[in-house]
Amino acid sequence: EEIHVYHIIGGLMVISGVILSQIKVRKKQ
Numbered sequence: 002e003e004i005h006v007y008h009i010i011g012g013l014m015v016i017s018g019v020i021l022s023q024i025k026v027r028k029k030q
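For the sequence shown, the positions run 2 to 30 when the numbering used here is used.
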């Protein structure tokens, strides 16, 4: 079960990273 939790955390980190990158691009424009 611990591995499953790490997979969820990793997925959230990836999603948050993509969102932050999109926000930075929008701010540059």
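Each residue gets a CB set at the ideal place from its N, CA and C atoms; glycine is no exception.
In the three-state DSSP reduction, residue 23 falls in the helix class (H, G or I). DSSP places residue 2 in the coil class of the three-state scheme, outside both helix and strand.
In its own chain, leaving out the 5 sequence neighbours on each side, no residue places its CB closer than 6 Å to the CB of residue 8.
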